[in-house]
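Visitor: Protein chains in written order, with this note's numbering: chain A, 67 to 183; chain B, 5 to 117.
1) I'd like the span of the beta strand (DSSP E) that includes residue 8(B), first residue to last.
2) On the premise that residue 81(A) lies in contact with residue 172(A), defined as a C-beta separation below 8 Å, what is that separation, rounded to the nearest angstrom?
3) Are there 16 or more other CB atoms within 10 angstroms of the CB of residue 78(A), so buried, or fewer, so exposed?
4) Bridge partners of residue 160(A), per DSSP?
5) Between residue 3(B) and residue 129(A), is the Cβ-Cβ spacing less than 8 Å?
6) Whole angstroms is fine: what's the gap from residue 96(A)'s alpha carbon to residue 119(A)'s?
7) With a threshold of 16 other CB atoms inside 10 Å of the CB of residue 51(B), please say whether the residue is buried or exposed.
8) Shorter than 8 Å from the beta carbon of residue 87(B) to some beta carbon of chain A?
9) Anyone know if the C-beta pair for residue 76(B) and residue 33(B) falls short of 8 Å?
10) When you compare only the Cα positions, how much space is there between residue 69(B) and residue 82(B)?
11) Please name the residues in the segment 79 to 109 of chain A whose beta-carbon is closer than 9 Å to at least one beta-carbon of chain B, in chain order.
12) Would you list, in chain order, the members of the segment 45 to 56 of chain B that have their beta-carbon closer than 7 Å to a beta-carbon of chain A?
13) Quick check: is the beta carbon of residue 100(B) nearer than 8 Å to any beta carbon in chain A?
14) Secondary structure at residue 147(A), three-state DSSP: helix, strand or coil?
15) Output yes if chain A places a C-beta closer than 8 Å to the C-beta of residue 106(B); else output no.
16) Relative to the alpha-carbon of residue 24(B), which residue among 13(B), 31(B), 30(B) has its alpha-carbon at the smallest distance?
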């Protein structure tokens, strides 16, 4: 079974600075996707960024980028120029995309990020 | 494009009762997944529905059941409610064998007393 570990329960950063959230995962599969989701106090889970395991190039979405190290099974999220609206719980998630599978998401326990003014 | 919607927003039930939660998938999506998120935890996969059939199930007992309708909307039913069933229930829709991205609804907060 796949597992996802987020070792930082809470983090804080000053507005406009950069912060990196850590995530490691364990799997024996070769075809999978990795995601970062954001869950603000409103509870809505919002997709932040996606990484396909077969791609060596790290994904980027505006101020958000990942450092994907497949051999180390590491998938960290970097947030640049942090904004107050980035304050939220951040979840790392693994998805096995083996054909015929359920494509379920396996989540970590989350990191609570607070951006301070 | 209509997003994922869930009803009701909040629900309070008594131990032993039954509850039905509803989800309407995003336009163009054919797959619905349900997750349970206990307080302070990450979501846990309950099950997924594709083409009106269950297509994968997590470690949840049979008293958790579901349906998917021809319009791809879905229901989650929980029988014989227990106190530990108190959680946020999240529905996510996706297009199977598409880009694998799942889009979540705002959730239903269930409290069992």
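For glycine and all other residues, C-beta sits at the position ideal for the given N, C-alpha and C.
Guide: On the basis of the coordinates in this document:
1) Mapped onto the second chain, residue 8(B) falls at position 4. Per DSSP, residue 8(B) belongs to no beta strand (DSSP E) and is neither H nor E.
2) Residue numbering aside, residue 172(A) sits at position 106 when the first chain is read from its first letter. Residue numbering aside, residue 81(A) sits at position 15 when the first chain is read from its first letter. Contact between residue 172(A) and residue 81(A) is ruled out by a C-beta separation of about 32 Å, above the 8 Å threshold.
3) The residue given as residue 78(A) occupies position 12 in the first chain. Around the CB of residue 78(A), fewer than 16 other CB atoms lie within 10 Å, so the residue is classed as exposed.
4) In the first chain, counting from the first residue as 1, residue 160(A) sits at position 94. Its beta-bridge partners are 100(A), 172(A).
5) Outside the shown range of chain B, which is 5 to 117, sits residue 3(B), and nothing can be said about it.
6) Taking the first chain and counting its residues from 1, one reaches residue 96(A) at position 30. Taking the first chain and counting its residues from 1, one reaches residue 119(A) at position 53. About 7 Å.
7) Numbered from 1 along the second chain, position 47 holds the residue referred to as residue 51(B). Sixteen is the threshold: when 16 or more other Cβ atoms of the shown chains lie within 10 Å of the Cβ of residue 51(B), as they do, the residue is buried.
8) Against the second chain, residue 87(B) aligns to sequence position 83. Not one chain A Cβ lies under 8 Å of residue 87(B).
9) Counted from its first residue, the second chain places residue 76(B) at position 72. Counted from its first residue, the second chain places residue 33(B) at position 29. Cβ distance < 8 Å, so residue 76(B) and residue 33(B) count as in contact.
10) For the purposes of this step, residue 69(B) is taken as the residue at position 65 of the second chain. For the purposes of this step, residue 82(B) is taken as the residue at position 78 of the second chain. Note on geometry: alpha-carbon atoms of residue 69(B) and residue 82(B) lie some 6 Å from one another.
11) Per Cβ criterion, the list reads 99, 101, 103, 105, 108, 109.
12) Under the 7 Å Cβ criterion, the segment 45 to 56 of chain B contributes 45, 46, 47, 49, 52.
13) For this step, residue 100(B) is matched to residue 96 along the second chain. For residue 100(B), a Cβ of chain A is located within less than 8 Å of the residue's own Cβ.
14) Counted from its first residue, the first chain places residue 147(A) at position 81. Three-state DSSP puts residue 147(A) in coil, outside helix and strand.
15) The sequence position of residue 106(B) within the second chain is 102, counting from 1. It does: the Cβ of residue 106(B) has a partner Cβ on chain A nearer than 8 Å.
16) Your numbering for residue 24(B) matches position 20 in the second chain. Relative to residue 24(B), the option among 13(B), 31(B), 30(B) whose CA is nearest is 13(B).
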